[in-house]
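>
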Amino acid sequence: MDTKNIKNAVDPQFFKEHQESLYQALEDKHTTIELMDEEDPLNTKMILNMGPQHPATHGVLRLILQLNGELIEKAKLDIGYLHRGVEKIAENKTYQEFMPYTDRMDYLSPYSNNVALCTAVEKIADVEVPERAHYIRMIGCELARISSHLLWLGTMVMDAGAVSFFIWTFREREKLYDIFDNIGGHRFTISHARIGGVANDLTDDALAMIKEFVNEFPKELNDFHGLLDRNRIFFDRNREVGVLTPERALEIGATGPTLRGSGYAYDIRDFEPYARYDEVDFEIPTRLEGDNLARYYVRMEEMQQSIRIIEQCLDKLPKGPVRTDNAKQAYPSKDEVYYSMEGMIHDFMMTDTGICPPEGEESYHAVEGPKGELGYYIKSDGTGHPWRLSINSPSFKNLQALEDMLDGEMVADTVVIIGGVDPVMGEADK
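Here the sequence shown is numbered in UniProt numbering, starting from 1 and rising by one per residue.
Right, dumping it as C-alpha cells:
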C-alpha cells in the first residue's frame with residue numbers, strides 16, 4: 001500500500017496546497033483581477049464558496065465564485081468529492097460482476113448504464129443478442145430516460161421556487177419504480193441487463209403496467225407544460241440565463257440536451273444506432289437559444305419522444321429468447337442451473353471466470369443516456385476482467401460548461417443553471 005498517498009490524503013498541508021491551486025486557477029481565468037482596496041472602496045467584491053455540502057448543487061459539487069456585488073465575475077469548479085475509483089474497481093471484477101457498479105454511477109438512470117456496459121462488452125467479445133432482448137432493453141432505457149428527466153424537472157423547478165412541483169414529478173417516478181420492480185425485482189438499481197441479453201423476460205403484469213403508463217403519462221406531461229410554459233416567474237428565471245453558444249458547446253465537448261439545447265441535433269440513437277433504434281421513428285428535439293429555457297424544452301420533448309419509442313417497441317416486440325444460448329458468453333437460465341449438471345457448471349464458470357474477449361482487443365461503444373453520450377472503452381488481456389476500462393460520462397463533460405454559463409450571471413441564478421445542466425456527481429467523479 002502506498003503510504004505516501006495515505007499521508008497526502010490526511011495531511012492538512014495537502015488540502016492547503018489544493019486550495020491555493022484552485023484560487024490561483026480562479027485568478028488566472030480569462031484575466032487577472034487584483035482585488036485592491038483603492039479599486040474596490042465599497043468592498044463589493046468577494047470570493048464565495050458554494051458547496052460541496054450545499055443542498056442545491058445536486059451532489060457534492062463545489063463552486064468557487066468571484067462576485068462583484070450580486071454579479072458573478074468568474075466561476076471555478078472543484079470536483080472529485082465523490083471519487084470512488086470505479087474504473088479501477090472494474091479491473092478486478094468480471095464484466096458481469098461490474099454491472100451493479102454501473103447502477104451507482106448515474107444513479108438516476110441505472111438501466112441506461114447497464115445497457116452501455118453490456119453493449120461495449122458484446123462488441124469486443126462479438127456476442128449476438130436476441131431480437132426480443134434488444135427491444136426489452138430499448139423499453140427499459142426509455143423508461144429510465146423519462147425517470148431521469150422527471151427528477152431533473154422536479155428539482156430544477158424547485159430551484160426556481162416551486163416546491164410542490166417536485167412532489168408531482170415524483171408521483172410519476174413512483175409509477176416507473178413499480179414497473180422496474182416488476183421487471184427486475186428492484187425499484188432503483190435494477191441491474192436487469194446481462195451480457196448477451198437481459199436477466200429475465202417481461203411478465204404479462206409488467207407489460208400491462210408499461211402500457212398503462214404509456215397511455216396516461218402524455219396527459220401528465222401536457223399538464224406540466226400548461227403549468228410551466230406560460231408561467232411568468234419560471235419563464236423569466238430561465239430565459240437568456242446560462243447561455244452556452246454553439247461554438248463553445250462543441251469546443252468543450254458538451255453532449256445530450258446541453259448540446260442539443262445549443263443547436264446541434266446530435267443523438268447517438270440516430271447517428272450511430274445501437275439495439276434496434278434504427279427500426280423505430282423518433283425526432284431529435286433541438287433548440288437554438290442555448291439558454292436554460294432551451295434545455296427545458298429539449299428535455300420535455302425528449303420525454304414525449306421516449307413514449308413514442310416505447311409504443312413502437314411494444315408493437316414490434318418479437319417472441320423468442322431473451323439471452324444468447326452460448327454457455328461461454330452468457331449465464332444459463334435458472335432452470336438449467338437447478339436441473340442439469342452442465343448448467344450448474346456453466347453458471348459456476350461464468351461467475352468465477354466470466355466472458356473472455358480476445359487478448360489485445362480494444363473497443364469503444366456508447367449509448368445515448370439521459371444526460372448525453374455514455375461510452376465505455378475496454379482493453380482486453382484475454383481474461384475474464386478488463387485490463388483497462390474507461391468511462392466517458394456525460395456529466396463530466398457537461399460540467400465544463402458551467403464555468404462559461406455562470407460568468408456574468410447573477411448569483412441567485414446559480415442553482416437554476418446547475419439544475420439546467422442536470423449533472424450527477426456519481427458519474428462525473430467516477
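Don't be surprised by glycine CBs; every beta carbon is placed ideally from N, CA and C. All values reported here derive from a predicted model rather than from experimental measurement.
Indicate whether Pro394 and Gly256 have their beta-carbon atoms separated by less than 8 Å.
Yes, Cβ-Cβ distance for Pro394 and Gly256 is below 8 Å.
> Could you give the first and the last residue of the continuous alpha helix (DSSP H) run that contains Arg276?
Here Arg276 belongs to no alpha helix (DSSP H), and DSSP marks it neither H nor E.
> Looking at C-alpha atoms only, which residue of Pro423, Asp281, Ala366 and Ile310 is the closest neighbour of Leu117?
It is Ala366.
> Roughly how many whole angstroms lie between the Cα atoms of Asp347 and Gln329?
For Asp347 and Gln329, the distance between alpha carbons rounds to 11 Å.
> Pull the bridge partners of Tyr377 from the DSSP assignment, please.
Tyr364 and Ser390.
> Nearest-angstrom Cα distance between Thr31 and Glu73?
Residue confidence is low: Thr31 scores 40 on pLDDT, short of 50, so the model does not pin down where it sits. No coordinate-derived value is stated.
> Would you tell me roughly how many angstroms separate the C-alpha atoms of Ala254 and Leu374, rounded to the nearest one?
In a straight line, the C-alpha of Ala254 is about 12 Å away from that of Leu374.
> Counting pairs of beta carbons, one from the region 91-99 and one from the region 58-71, are three or more of them closer than 8 Å?
The region 91-99 is not in contact with the region 58-71.
> For Pro358 and Trp168, I'd like the C-alpha separation in whole angstroms.
Cα to Cα, the separation comes out at about 49 Å.
> Looking only at its chain, what residues have a beta carbon closer than 8 Å to the beta carbon of Asp281, apart from the 5 residues adjacent to it on each side?
For Asp281, where only same-chain residues beyond five positions count, the Cβ hits under 8 Å are Arg308 and Gln312.
> Between the Cα of Ile139 and the Cα atoms of Glu122, Leu314 and Gly420, which residue gives the shortest distance?
Answer by Cα proximity: Leu314.
> Relative to the C-alpha of Thr203, which residue among Asn182, Ile190, Asp352 and Arg187 is closest?
Checking every option, the nearest Cα to that of Thr203 belongs to Asn182.
> In the DSSP assignment, find the beta strand (DSSP E) that holds Gln96 and state where it starts and stops.
Here Gln96 belongs to no beta strand (DSSP E), and DSSP marks it neither H nor E.
> Distance check for Val60 and Cys425, CA to CA, integer angstroms please.
Note that residue 425 corresponds to Met in the displayed sequence, not to Cys. In a straight line, the C-alpha of Met425 is about 7 Å away from that of Val60.
> Using the C-alpha atoms, what's the distance from Glu240 back to Ile378?
For Ile378 and Glu240, the distance between alpha carbons rounds to 41 Å.
> Taking the alpha-carbon positions, what's the Val198 to Met405 distance?
About 40 Å.
> Please identify the residue among Ile355, Gly290, Asn215 and Asp178 whose C-alpha is closest to the C-alpha of Glu97.
Checking every option, the nearest Cα to that of Glu97 belongs to Ile355.
> Quick test of your reading: Asn231 and Val416, contact by CB under 8 Å. State the CB separation rounded to the nearest angstrom.
14 Å between Cβ atoms; not a contact.
> Tell me whether the beta-carbon of Met303 lies closer than 8 Å to the beta-carbon of Ile190.
For Met303 and Ile190, no; Cβs fall outside 8 Å.
> Would DSSP call Asn182 helix, strand or coil?
It is helical.
> Which residues bound the beta strand (DSSP E) around residue 432?
As displayed, the chain neither begins before 1 nor continues past 430, which places residue 432 out of reach and without an answer.
> Let me check understanding here. Comparing Cα to Cα, which of Met349, Gly408 and Ala120 lies closest to Gly384?
Of the listed residues, the one whose Cα sits closest to Gly384 is Met349.
> How far does the alpha helix (DSSP H) with Met50 in it reach, from first residue to last?
Per DSSP, Met50 belongs to no alpha helix (DSSP H); it is in the beta strand (DSSP E), Lys45 to Met50.
> If you run the structure through DSSP and keep just helix, strand and coil, what is Gly290?
The answer is coil: DSSP assigns Gly290 none of H, G, I, E or B.
> For Val214, collect the residues of the same chain with a Cβ closer than 8 Å to its Cβ; drop the 5 residues on either side in sequence, then sort them by chain order.
Counting only Cβ-Cβ distances below 8 Å, and skipping sequence neighbours, we find Ile307, Ile310, Glu311 and Leu314.
> Hey, Thr44 and Met50: beta-carbon distance below 8 Å or not?
The answer is no: Cβ separation not under 8 Å.
> Who are the near neighbours of residue 450 in its chain, counting only those whose CB is closer than 8 Å to its CB and skipping five residues on each side?
Outside the displayed range of the chain (1 to 430) lies residue 450, so it cannot be described from this structure.
> Smallest Cα separation from Asn200: which of Arg132, Thr414, Pro100 and Val322?
That would be Val322, whose Cα lies nearest to the Cα of Asn200.
> Only counting the same chain, and skipping five residues up and downstream in sequence, which positions put a Cβ closer than 6 Å to that of Arg260?
Cβ neighbours of Arg260 beyond the five flanking positions: Thr286 and Val298.
> What does a CB cutoff of less than 7 Å around Ser390 pick up in its chain, not counting 5 residues either side in sequence?
Closer than 7 Å at the Cβ level, and outside the excluded window around Ser390, lie Glu87 and Tyr377.
> Output the boundary residues of the alpha helix (DSSP H) element that contains Leu221.
First-last of the alpha helix (DSSP H) with Leu221: Asp204 to Leu228.
> Which residue or residues does DSSP assign as beta-bridge partners of Asn68?
In the DSSP output, where bridge partners are listed per residue, Asn68 has Lys45 and Leu71.
> Is DSSP giving Met425 helix, strand or coil here?
In this structure, Met425 counts as helix in the three-state DSSP scheme.
> Whole angstroms is fine: what's the gap from Glu272's alpha carbon to Glu279's?
Approximately 13 Å, taken between the alpha carbons.
> Please give me, in chain order, every unbroken run of the beta strand (DSSP E) with length at least 3 that falls completely inside the region 301-370.
Counting only runs of 3 or more, we get 362-369.
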